[in-house]
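Some notes on the structure that comes next.
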Amino acid sequence: MSTEEKIRTFILENYLFTDDQSELKNDDSFLDQGILDSTGILEIIFFIEDEFKIKIKDEEMIPDNLDSVDKIVAFIQQKED
Amino acid sequence: MCGISGIVNLKHQETPSRGELECMIQALRHRGPDGFGFFSAPGIGLAHARLSIIDLEGGDQPIHNENKTVQVVFNGEIFNFLELRHMLQKLGHRFYTHSDTEVIVHLYEEYGDAFVKHMVGQFAIALWDSKAQRLLLIRDRAGIRPLFYTIAAGRLYFASEVKSLFTQPAVTRRLNPTALGEVFTFWSTLEPNSLFEDVYSLPPGHQMVVDQGEIHCSRYWDWTFPLDGIPDHRSANDWAEELRELMVDSVRLRLRSDVPVGAYLSGGLDSSVITSLIRNYTNTPLRTFSIGFEDGEFDESVFQRELIQYLQTDHTHVTCKAQDISRLFPQVVWHAESTILRTAPAPMMLLSQHVRESNYKVVLTGEGADEMFGGYDIFKEAKIRRFCQRFPNSRLRPLILKNLYPYLKHSPTAAGDFGKRFFQQGMEYIDKPYFAHIPRWSTTRRSWKFFSREMKDLLQGSVSYDSIERILPPEIEQWDALNRDQYIENHTLLSGYLLNSQGDRMAMANSVEGRFPFLDHRIMEFAARIPVRYKIKVLNEKYILKKSMAGLIPESIRRRSKQPYRAPDSQSFFSCGKPAGYVQELFGEEALREAGYFNPAAVSKLLHKSASGKVIGFSDNMAFVGILSTMLLDKMFIQGYPASAFE
């Protein structure tokens, strides 16, 4: 499963509680679309750190890195590089 | 404390049968195990289940006036009954009991419907005036004691709890989709809705007159605030001193009883205030009860022990385990008669069980202080959000948010810039009286994604944030922001959830009466007048209350930041990743489809997420507990299963 698929599946399963792929576009803002609640972002951070074996620093916990599937994929690639 | 019920024929004079009244009152036996009483006459029937607390020998109800033309059944206490009795005797009234109930009939004779204004207490009253052929139903100002009613087959049925109404074949049983939408937004239904179709709650501070088959409801009291901008020159010391005097009197009145009185002790400020006032200003032996948790995130035992040592109380401590919550939850829903979004009522039921086993049936408890004196995080959060909104681009102002929620394992403010963005959401509501509540309500409303398509269609357009405006007074716009926040909190969370699901019902489940010194209406009226700068001083919540208690409680507790009472939520229902049997069944596709409220596929994913231990946020936990309680409600109240079916 690609990074993008893993992220999509995680968001669909855990925040939208559906298998319907049409419910989530890769550039949907989690904040603007109300996909996450205030602690949801912590769950995503735990997931990324566990799944991709990377550490996210405090200053990296910003919407530019984590607010959509596209942004997370890009952020993980940048960390892995 | 007691239970009441009754039937009024609205179209004819037929007397309700004794069998009907017995059925209704039997359903309230837990509220009054010490005996039943009945009154019936053409067109009217009243019933009473008694928990004897004052005048153990002579206080059986119904109670009447000198010539028996006024009959009353009553659930609650009139705490100033001795003063009222003395005054009424001077006016020539003759008493045949020593109970507080009897002052009601004589007050009514003296003052008519306005008699309620003379009473300090917590009550739900049904008073029949046979000369006028008129029934009066009254509920206390804060909404401590419940009173529900419905109209069916040309009759008005009323009772302390809905389950009593449902003993009558004429009363249909259906959950009200709009009310469900309200609970999954505001945490409680909006007055006068109950969770059930065509069943209503008489709102706090209201009375209902039934006269010649006509029903008329009116408000006799509300918690209102002064208009913003009225100057006040009193010092904080003056406010604190007057509050202490009022609190001493409130506590003193609430110790009146012919049976021993205990007190709950949480380790927080509010219960510490009450217990220390009992210790310092009365001769009542101090018997206290507390609840603790195995999980340190929720446990306050350290502070409880400190206070016990400080006040030297005779104490009982109960530890609530996760399996206790799961085990008790069906009973909790049976007694709460509502969808609930947190498991916190369950430990309260466990605690009241221990109170009763200790041969106590009255406890003083601290509910209401947070609403009266500005204790909740939501007030501070709104203060910061309003402060940030003045300069939206400021980088420094949002840093204050880090001071919120120090007690949470997974604080929303821990997510760096994200946390900040969350608190900036809802700024478009800045001019609405409910601005403070938007973060809570939007988090709660996330549960709507679990509703079935049919429910979503039914709710379309029927419940929105603006729905709250129906219960707000027009002058609210002219109140200070914090006062607006307090009013809404009082009319949703306090009366609809805390007093109902967590207060009255969890104590009454074990025949225990809770008494609430902070909800004395004189304290409420006083609190409404305290300038907002003294309620939350910068970010120091309940500043005047803390100041009023200087020297009376340990400094560590007086200066401690508020930790709200919470209990473990969804994880309580799992053991080694496996859900309790009844949870598995109720979250199953068949049960969900049959009930029709929720989408089975989405609920199945929530169950899976919870089982894996990944549910750590408010919204998922609320959805889990809310769905489970709704399904239990449906099974027990609509389909007729007993709570014991879910053991």
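Protein chains in written order, with my numbering: chain L, 177 to 257; chain E, 3 to 649. We put the CB at the ideal spot given by N, CA and C, even for glycine. Just so you know, these numbers come straight off a predicted model, no measurement behind them.
Whole angstroms is fine: what's the gap from Glu383/E's alpha carbon to Gln355/E's? C-alpha separation (whole angstroms): 36 Å.
Go through its chain and collect everything with a Cβ distance to Phe41/E's Cβ below 6 Å, but skip five positions before and after it. If we look at Phe41/E and ignore the five residues flanking it on each side, its Cβ neighbours are Leu48, Pro64 and Gln73.
From the DSSP secondary-structure annotation, give me the bridge partner or partners of Ser292/E. Per DSSP, the beta bridge partners of Ser292/E are His319/E.
Give me the residue from Asp636/E, Leu23/E and Arg31/E with the minimum Cα distance to Glu339/E. Glu339/E has its Cα closest to that of Asp636/E, out of Asp636/E, Leu23/E and Arg31/E.
Express the C-alpha separation of Lys201/L and Pro533/E in angstroms, rounding to a whole number. Note on geometry: alpha-carbon atoms of Pro533/E and Lys201/L lie some 49 Å from one another.
Assigned exposure category for Arg531/E - 16 Cβ within 10 Å defines buried: Burial call: exposed.
Output needed for His66/E: all residues of its chain with C-beta closer than 7 Å, excluding positions within five of it in sequence on either side, in chain order. Around His66/E: Val72, Gln73 and Val107.
Would you give the residue range spanned by the beta strand (DSSP E) that Lys221/E belongs to? For the sequence presented, residue 221/E should be read as Arg rather than Lys. Its beta strand (DSSP E) spans residues Glu216 to Arg221.
Considering only DSSP beta bridges, list what Gln135/E is partnered with. Residue pairing by DSSP places Gln135/E in no beta bridge whatsoever.
At a CB-CB cut-off below 7 Å, which residues of chain E make contact with Asn202/L? One finds nothing in chain E with a Cβ atom closer than 7 Å to the Cβ of Asn202/L; even the nearest lies about 19 Å away.
How many Å lie between Ile224/L and Ile230/L at the Cα? A straight-line Cα-Cα distance of about 7 Å links Ile224/L and Ile230/L.
Can you tell me whether Ile490/E is helix, strand or coil according to DSSP? Reduced to three states, the DSSP call for Ile490/E is helix.
Lys451/E: contacting residues in chain L (beta-carbon distance under 8 Å): Going along chain L in sequence order, the residues near Lys451/E (Cβ under 8 Å) are Leu192 and Phe193.
With distances taken between CB atoms, is the gap from Ser454/E to Phe600/E smaller than 8 Å? Cβ atoms of Ser454/E and Phe600/E: closer than 8 Å.
Integer-rounded CB distance, given that Ala604/E should sit under 8 Å from Thr194/L: Indeed, because the Cβ distance is near 6 Å, the residues count as touching under 8 Å.
Look at Val357/E and Arg517/E and say whether their C-beta atoms are less than 8 Å apart. No, Cβ-Cβ distance for Val357/E and Arg517/E is not below 8 Å.
Check whether the Cβ atoms of Leu2/E and Phe198/E sit closer than 8 Å, and answer yes or no. This structure leaves residue 2/E out entirely; chain E is present only between 3 and 649.
Within a Cβ cutoff of 7 Å, which residues of the same chain sit near Gly215/E, ignoring the five residues on either side of it in sequence? Spatial neighbours of Gly215/E in its own chain (CB-CB distance under 7 Å, excluding positions within 5 residues in sequence) are listed in chain order as Leu12 and Lys13.
Are at least three pairs of beta-carbons, each pair with one atom in the segment 466–477 of chain E and one in the segment 616–625 of chain E, less than 8 Å apart? Note that the segment 466–477 of chain E does not touch the segment 616–625 of chain E; fewer than 3 beta-carbon pairs, one per stretch, sit closer than 8 Å.
Nearest CA to the CA of Arg329/E: which residue from Leu496/E, Gln573/E, Met89/E and Ala625/E? Minimum Cα-Cα distance from Arg329/E among the listed residues Leu496/E, Gln573/E, Met89/E and Ala625/E corresponds to Gln573/E.
Within 10 angstroms of its Cβ, does His218/E collect 16 or more other Cβ (buried), or is it exposed? By the 10 Å Cβ count, His218/E comes out exposed.
Any Cβ of chain L within less than 8 Å of the Cβ of Phe76/E? Closer than 8 Å: no.
Listed by chain order, chain L residues near Leu608/E by CB distance under 8 Å: Correct list: Phe193.
When you check each C-beta in the segment 433–452 of chain E against every C-beta of chain L, which residues fall closer than 8 Å? Within the segment 433–452 of chain E, the residues whose Cβ lies closer than 8 Å to any Cβ of chain L are, in chain order, Pro441, Ser444, Thr445, Arg448, Lys451 and Phe452.
Could you check whether the segment 23–33 of chain E touches the segment 233–247 of chain L, counting it as contact only if at least three pairs of C-beta atoms, one from each stretch, sit closer than 8 Å? In this structure the segment 23–33 of chain E does not lie against the segment 233–247 of chain L, because fewer than three pairs of beta carbons, one per stretch, are closer than 8 Å.
Kindly list the residues whose CB is nearer than 6 Å to the CB of Asn512/E, restricted to its own chain and excluding five residues on each side of it in sequence; keep chain order. Same-chain partners within the cutoff: Ser354, Gln355 and Arg358.
As assigned by DSSP and simplified to three states, the class of Tyr499/E: Three-state DSSP puts Tyr499/E in a helix.
Determine, using beta carbons only, whether Met177/L comes closer than 8 Å to chain E. False, the Cβ-Cβ gap to chain E never drops below 8 Å.
Any C-beta of chain L sitting closer than 8 Å to the C-beta of Lys611/E? Interface residue, yes.
If we cut at 8 Å on Cβ distances, does Phe576/E have a partner in chain L? It does not: the Cβ of Phe576/E has no partner Cβ on chain L nearer than 8 Å.
Within-8 Å CB hit, Ala593/E to chain B: This model lacks chain B altogether, as its protein chains are L and E.
Distance CB(Phe188/E)-CB(Trp443/E) smaller than 8 Å: Taking 8 Å as the cut-off, the beta carbon of Phe188/E is found closer than this to the beta carbon of Trp443/E.
DSSP has Asn11/E in a bridge; who is on the other side? Note: Asn11/E sits in a beta bridge opposite Arg157/E.
Within the 8 Å Cβ cut-off, does Glu225/L reach chain E? Not one chain E Cβ lies under 8 Å of Glu225/L.
Is the CB of Glu219/L under 8 Å away from at least one CB in chain E? Yes, Glu219/L lies at the interface with chain E (some Cβ there is under 8 Å from its Cβ).
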